[in-house]
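Numbering (our numbering), first residue to last: 317 to 440.
And the structure:
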């Protein structure tokens, strides 16, 4: 099995054993879904975190955005980054606006939206 499949299996095993997932586990799961080309599932996991008591951090938002960007779902990738920039999560998550801008600029660049990426980086 691929590494991303093993990561998902470990997370499922933890849940089956009644072990609570922390932010590292949940962020790793979002990343694993992305590596497995399951970007929609990655975004659903991010939404579940946001709806629950666990606030996503910069790594989680970045992994979800990268998952969507890898699938060329640019609008979804940018929407995730927009949520991060709008402060959907609290300061305690460790994400900063420059972090979000850098990931967003990368997604814009990959989507061929070069002038928007440059404008975003200039505004940093």
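Ideal Cβ placement from N, Cα and C applies to all residues, glycine included. Predicted model only: the values in this text are computed from it and were never measured.
Please look up how many angstroms separate the CB atoms of residue 385 and residue 426, rounded, as I've assumed it's under 8 Å. Taking the chain shown and counting its residues from 1, the one referred to as residue 385 is at position 69. Taking the chain shown and counting its residues from 1, the one referred to as residue 426 is at position 110. Yes, residue 385 and residue 426 are in contact; Cβ-Cβ is about 6 Å, under 8 Å.
Need the endpoints of the alpha helix (DSSP H) that residue 365 sits in, please. On the chain shown, position 49 is the one that residue 365 refers to. 355-367 is the span of the alpha helix (DSSP H), which, as asked, contains residue 365.
Three-state class that DSSP yields for residue 388 in the structure shown: Residue mapping note: residue 388 aligns to position 72 of the chain shown, counting from 1. Correct three-state label for residue 388: coil.
Give the straight-line distance between the Cα atoms of residue 323 and residue 428, rounded to the nearest whole angstrom. Position 7 of the chain shown, counted from the start, is the residue given in the question as residue 323. Position 112 of the chain shown, counted from the start, is the residue given in the question as residue 428. Rounded to whole angstroms, residue 323 to residue 428 spans 32 Å at the Cα level.
Hey, out of 333, 394 and 379, whose CA is closest to residue 357's CA? Indexing the chain shown from 1 puts residue 357 at position 41. Answer by Cα proximity: 379.
Using a Cβ-Cβ cut-off of 8 Å (strictly less than) and excluding sequence neighbours within five positions of residue 408, which residues of its own chain qualify? Translated into positions along the chain shown, residue 408 becomes position 92. Confidence is the limiting factor: at residue 408 the pLDDT is only 49, short of 50, which leaves the residue's position unreliable and the question unanswerable from this model.
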